[in-house]
Amino acid sequence: MNTFKAIWYIIAMFVFQFLDALKDIKMQSIPSKSVLFGLIIFFVVIMFFFTFNLLKWWKTKIYIEGDTFILERNQLSQSKTTVKLSSISTVNLQQNIFEKIFDVYTLQLDINSSVTANKTDFNLVFDDKTAFAFRDYILASLDKENSHGNLDSEQHSVNTMNQKSETKPIISFGFKDVMRHCVLSFSFLGGIYATAIVIVAIGAFYTSNEKMHHVIMPAIFSLLIAVVPFIYKSVTAFLLYHNFVLEKNGDKLIVSYGLFTRKQFTLPLDKTNALIIKQPFQARFFNLCYGEIINVGMGDAGENQSPIFCLLVKYETLQSVIRQIAPQFVMEGKEQKSPKPAIVPVLTKWALWGILFLAGFIIFYKWWIGLIILIFFIICGILSHATKGLNIDENKLSITTGVFDKRTITTAYSKLQNATAKYGPISRRLGIAHGSVSILSSSANQINDIGYFPKEQFDIISQQIISHDSIN
1 MNTFKAIWYI IAMFVFQFLD ALKDIKMQSI PSKSVLFGLI IFFVVIMFFF TFNLLKWWKT
61 KIYIEGDTFI LERNQLSQSK TTVKLSSIST VNLQQNIFEK IFDVYTLQLD INSSVTANKT
121 DFNLVFDDKT AFAFRDYILA SLDKENSHGN LDSEQHSVNT MNQKSETKPI ISFGFKDVMR
181 HCVLSFSFLG GIYATAIVIV AIGAFYTSNE KMHHVIMPAI FSLLIAVVPF IYKSVTAFLL
241 YHNFVLEKNG DKLIVSYGLF TRKQFTLPLD KTNALIIKQP FQARFFNLCY GEIINVGMGD
301 AGENQSPIFC LLVKYETLQS VIRQIAPQFV MEGKEQKSPK PAIVPVLTKW ALWGILFLAG
361 FIIFYKWWIG LIILIFFIIC GILSHATKGL NIDENKLSIT TGVFDKRTIT TAYSKLQNAT
421 AKYGPISRRL GIAHGSVSIL SSSANQINDI GYFPKEQFDI ISQQIISHDS IN
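Number 14 in the UniProt record's numbering belongs to position 14 of the sequence shown; there are no gaps in the numbering.
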C-alpha cells in the first residue's frame, strides 16, 4: 500500500501541474482546445492503466501452502494457479530505476517446464523486505523439499549484505572488463551489415548531384536508421552487464549485474541442464570466451539468451570458474574434429546457395557481386567445417558448432531427450552422418546440431542416452 500511496502522490502532482499548464495555455496564442484535449486523453490513459493494475493486484492473493506455491485472483473471472515448489527452477530479483524510487523489487519465478521456457512464469512486485523474505523462503523450501515446517520469514529474510558472509565470491568484472566484453561480443555479421549500410549511404550522398540531395536524403536517413538497433544493442550492453558479479551459495549460483536495472539470478545447480561456452568472432583472435547456463524454463527474455554466468575471459579462466561452480560439466578428453571427408557435403550445401546468388546477379545485375557472394559462402563452408567438434565422455557430451562465432554446449546424457542421425547420398558413401540432440530448454537451445562425424559416433550417443536414466 505504501507504493500505491506514493503513486497517488505523483498523480496529484501531475494534476496540479496540469492545472498550472492550463493557465499558461490561456495566456498563449496556441490552439488551447487541442492541447487541452491531448492532455486530458494522456491523463485518462494513465488513470486507466493505474486503475486496471490496482484492481488486478488488489484482489490477488499469493501464498505458500505446504510444498505448493499458489497465486489466486478474485476478479470478474476467478483464477487459481498452483505450482509445486520443487518444480521452480530459478528465483530471480530485479529492480529498475522506477522500482528503486518506491523501494520495491520484481520477484521472478521460472518453472521447470519447456512449455513456458521462453518467458518468465511469474512476475511479482513486493516491497524490499517481503521480496527478500519470499525469495529466501522459496530457496529454503527447495533445499528441504520434504520438509513442511513453518519457516520464520524474519529469520530467513536477509539482504545482499548479509548474504556475503554465506556466499563464496567466484569472479567479478570491473569497468574495463565489461567494456571489453561489449566491444568483442557484438555480432560480426551485424557489424558488416551496419558498416555496409553506412558506406552505401555516404557513397550515395557524395556521388549524387547537389540538386538531388534533397531527394535522396530521406532514403539515406532511412538507411542510417537501420543501423540504430545495432548501435543501441552495443551501447546498452555496457549498462546491462555493469558491476557483473558471480557468487556461489551452497548448491546455488548467484549472478548479479546491471546499472539502471539491477538483476540477480539465483540458479539451483541441480536443475542445470547444460553449460554453453561462446566465442564471438572477434574474441576468437584473443582466445576469449564467455559462459551461459541453461536452467529449464529460465532465460533472459530481454536478451533472448540463457543467463550469462561469466563475461569474456581467457579459456583457462573460464574452465577454472566452471570447476568451482559445476565441475561435472568440465570435459577432460580431447575434442574430436569433424573428419576431412566431411568438407565435401558441407561445401556442397554452402556452394549451392552461392551459385543461386551468382546466377541471379548474372541475369539481373552485375556478375562480380554474385561472384563475391559465392566466395563468401565458400569461406563460410570452410569455417563451418573447421569449427565443428565432438567430445564423447562416459557421462556427458560436448558439441561444438559455428561459422564465425563458436559455440560449445556440454550436457549430461541423462539430460538429453533424444538424438537423431541423418544420412545423405554423399555422406552415406563417405561413411559419415550429421544429426542433432535435444535437451529440455528454451527454443533457442532445445535443438543442438551435430556436424558430420563417423556413423559409429551417433550409435554411441544413442546407446549412452538409453543407458543413462533421464533426470529431467
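Ideal Cβ placement from N, Cα and C applies to all residues, glycine included.
Computed from a predicted model, the values in this text were never measured in an experiment.
Through-space distance from residue j to residue i, alpha-carbon basis
i	j	result
isoleucine 322	lysine 271	16 Å
serine 147	isoleucine 170	Residue placement at serine 147 is poorly supported in this model, since its pLDDT is 43, which falls under 50; the coordinates are not used for a value here.
isoleucine 355	isoleucine 372	11 Å
serine 153	arginine 262	Unreliable placement is indicated for serine 153, whose pLDDT of 39 sits below 50; the coordinate value is still reported in the next sentence. Going from the Cα of serine 153 to the Cα of arginine 262 covers about 24 Å.
threonine 317	phenylalanine 173	13 Å
leucine 240	glutamine 417	33 Å
valine 158	isoleucine 199	Unreliable positioning characterises valine 158 in this predicted model, as indicated by a pLDDT of 40, which lies under 50. The coordinate reading is nonetheless provided below. Taking the straight line joining both Cα atoms gives about 54 Å.
asparagine 295	isoleucine 41	44 Å
serine 338	tyrosine 315	21 Å
proline 454	threonine 120	40 Å
leucine 39	isoleucine 254	45 Å
leucine 430	isoleucine 293	36 Å
threonine 400	glutamine 78	48 Å
isoleucine 111	tryptophan 353	41 Å
lysine 388	isoleucine 378	16 Å
lysine 366	phenylalanine 188	26 Å
isoleucine 460	glutamate 394	10 Å
arginine 135	glutamate 332	36 Å
alanine 196	phenylalanine 102	45 Å
serine 141	valine 91	12 Å
glutamine 463	glutamate 65	42 Å
histidine 385	threonine 348	12 Å
aspartate 127	threonine 106	9 Å
threonine 82	asparagine 287	47 Å
isoleucine 439	leucine 267	18 Å
glutamine 163	serine 89	Residue placement at glutamine 163 is poorly supported in this model, since its pLDDT is 44, which falls under 50; the coordinates still yield a value, given next. Their Cα atoms are separated by approximately 20 Å.
tyrosine 452	serine 398	14 Å
glutamine 446	alanine 421	16 Å
phenylalanine 43	phenylalanine 132	34 Å
leucine 273	alanine 326	Residue identity check: residue 273 is asparagine in the sequence provided, not leucine. Approximately 11 Å between the Cα atoms of the pair.
lysine 406	serine 320	20 Å
proline 345	cysteine 380	13 Å
threonine 60	alanine 419	44 Å
Residue i, enclosing alpha helix (DSSP H) - first and last residue
i	result
serine 462	455-467
phenylalanine 134	128-143
leucine 184	175-184
Short Cβ contact (9 Å threshold) for residue i with residue j
i	j	result
isoleucine 343	isoleucine 369	no
glutamine 336	isoleucine 392	yes
glycine 435	phenylalanine 458	yes
phenylalanine 329	threonine 410	yes
residue 493	leucine 269	Because the chain is modelled from 1 through 472, residue 493 falls outside the range shown and cannot be assessed.
phenylalanine 122	leucine 109	yes
asparagine 243	tyrosine 257	yes
leucine 71	valine 178	no
tyrosine 413	isoleucine 450	no
lysine 168	glutamate 247	yes
proline 341	isoleucine 432	yes
leucine 139	glutamine 264	no
aspartate 67	lysine 80	no
Enclosing beta strand (DSSP E) for residue i [first to last residue]
i	result
leucine 109	104-111
glutamate 166	Here glutamate 166 belongs to no beta strand (DSSP E), and DSSP marks it neither H nor E.
serine 89	88-95
phenylalanine 376	Element bounds for phenylalanine 376: not the beta strand (DSSP E) but the alpha helix (DSSP H), 367-387.
lysine 248	244-249
lysine 263	262-268
lysine 84	79-84
lysine 278	272-279
tyrosine 257	252-257
Residue i beta carbon near the ligand HEM (any heavy atom closer than 8 Å)
i	result
glutamate 292	Absent from the structure shown: the ligand HEM. Ligands present: none.
CB contact check: residue i to chain C, cutoff 9 Å
i	result
threonine 106	In summary, chain C is missing from the structure at hand, where a single protein chain is found.
Give a yes or no on contact between the region 276-289 and the region 174-186, applying the rule of three or more CB pairs nearer than 8 Å. yes
Runs of 4 residues minimum, wholly inside the region 283-360: which ones carry the alpha helix (DSSP H) assignment? Whole alpha helix (DSSP H) segments, 4+ residues: 315-325.
Okay, do the region 359-366 and the region 418-425 touch, 3+ Cβ pairs below 8 Å being the bar? With fewer than three CB-CB distances shorter than 8 Å, the region 359-366 does not count as touching the region 418-425.
Please give me, in chain order, every unbroken run of the beta strand (DSSP E) with length at least 3 that falls completely inside the UniProt domain "YdbS-like PH" (389-445). 389-392, 396-402, 406-412, 416-422, 432-439
Contained beta strand (DSSP E) runs [length at least 3] in the region 40-67, N- to C-terminal order: Correct list: 60-65.
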